[in-house]
Amino acid sequence: MKKEYSLTPSTSVQSVHREIAVFDYQKGNENIDHSVVESFGEEWKKFHRFSDKEIDTDAKKYFDIVTDEMLNRNSYAVDLGCGTGRWTKYLSEKAGFIEAIDPSEAIFAADKLIGPIPNVRLTKASIENTPFPDETFDFGMSIGVLHHIPNTEKALHDCVKKIKIGGYFYTYLYYNFENRGSAFKTLFQLVNGVRKITSRLPMRSKKFVCDVIAFTVYLPVVTVGRAMNAFGLKTLARKMPLSHYQTNSFFWMRTDALDRFGTTLEQRFSQEDIRKMMTDAGLIDIKISDQMPYWHAVGKRIR
Ligand SMILES: C[S@@+](CC[C@H](N)C(=O)[O-])C[C@H]1O[C@@H](n2cnc3c(N)ncnc32)[C@H](O)[C@@H]1O
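Going by my numbering, the final residue of the sequence shown carries number 327, and the count climbs one at a time with no gaps.
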């Protein structure tokens, strides 16, 4: 099932559990924000100790729209922008073989988190320079990645090109709050203003400030939401900001605070934007989940 690389690696590095081939960026074909990638490399070096239990809990939310027909033991799969490899690890129990790629130092954290699982290969490469021929994979995914790339639409095309006709592509992209009220949208403007400042701090200060945000904002808001749930106010709890984290540990909140407030480039999309980009890339039967995290979507490649 595992294919040979279609490009020649510039080098390869022996990590803890496996050798990792490194593919350099192709000059002139770049669709990457280097400062974002560097920041993620630093982030994931710090945050990669996710427990299997917590990965499983969150995976149920992310993969609610992925069926056995889309991904099963016969599937050759690819995780594009795998970060710490948390979703690669989860899906390695469902797929035949998974290729996981990421251009940042996170790929070495992924090696540690995934461990010596035999049906996973890790590669240090970016989406626009994915070292596999077009139409290779039965299933591809890019989770929380494409909104951090300058040209999201082109990156989505580049991902879909690697999927076989009849295969499936899954993505999670930040939503633009279209399904939220005006108070929520105003709160976002405020948060976005803070992000523009925090994301430009040097790494050490950024980590510190994001930890403070996790402790003083995420934790109290999430605790109020959990209390609402405990008192049976489930609808209200779901409407709370950060409600997605009501089932997550504080460690997970710290990771996401750094992700959210530490990244200089983020773009946001409506369901309609996502549907259009996916359709233009050659996907049909597009399903966008109405559940959090907003928006995650899957489609089938027909051309
Ligand atoms: C928010 S993290 C998501 C990681 C992982 N998918 C997850 O959900 O845990 C975004 C990842 O995208 C990667 N990334 C950024 N630009 C990329 C590009 N052009 N090609 C591939 N990956 C990229 C970063 O290195 C980072 O690990």
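Think of the CB as a built atom: it goes at the ideal place given N, C-alpha and C, for glycine as much as any other residue.
Inset, instruction - Would you mind giving the Cβ-Cβ distance between Leu95 and Thr154, rounded to the nearest angstrom? I have them listed as a contact below 8 Å. - result: The beta-carbon separation of Leu95 and Thr154, rounded to 19 Å, does not stay under the 8 Å limit for a contact.
Inset, instruction - Measuring alpha carbon to alpha carbon, tell me which of Ala261, Tyr242, Leu257, Leu115 ends up nearest Ala281. - result: Selected option, being the one with the closest Cα: Tyr242.
Legend entry - Residue from Lys77, Lys178, Ser150, Arg97 whose Cα sits closest to the Cα of Ala45: Ser150
Inset, instruction - Indicate, with yes or no, if ligand 1 has a heavy atom lying under 7 Å from the CB of Val248. - result: no
Inset, instruction - Can you grab the Cα-Cα spacing for the pair Leu266 / Phe64, in whole Å? - result: Cα to Cα, Leu266 sits roughly 21 Å from Phe64.
Inset, instruction - Name the two residues that bound the continuous beta strand (DSSP E) containing Lys70. - result: Not the beta strand (DSSP E): Lys70 falls in the alpha helix (DSSP H), residues 58-70.
Legend entry - Presumed contact (8 Å Cβ cut-off) between Arg163 and Ala119, rounded CB distance: In the sequence on display, residue 163 carries Phe and not Arg. At roughly 7 Å, the Cβ-Cβ gap stays under 8 Å, so Phe163 and Ala119 are in contact.
Legend entry - Chain-order list of residues whose beta-carbon lies under 7 Å from that of Ser30 (same chain, five-residue window excluded): Within the same chain, Ser30 has close Cβ partners Pro155, Phe156, Pro157.
Inset, instruction - Could you tell me which residues DSSP puts in a beta bridge with Ala124? - result: Asp103, Leu146
Legend entry - Ala134 and Leu115 closer than 8 Å at C-beta: no
Legend entry - Coarse secondary structure for Met302, derived from DSSP in three states: Met302: helix per DSSP, three-state reduction.
Legend entry - The alpha helix (DSSP H) enclosing Val248, as first and last residue numbers: 243-254
Legend entry - Sequence-distant residues of the same chain with beta carbon closer than 8 Å to Asp57, five excluded per side: His172, Ile173, Pro174, Thr288, Leu289
Inset, instruction - Please confirm if the stretch 309-327 is in contact with the stretch 219-232, defined as three or more CB-CB distances below 8 Å between the two stretches. - result: no
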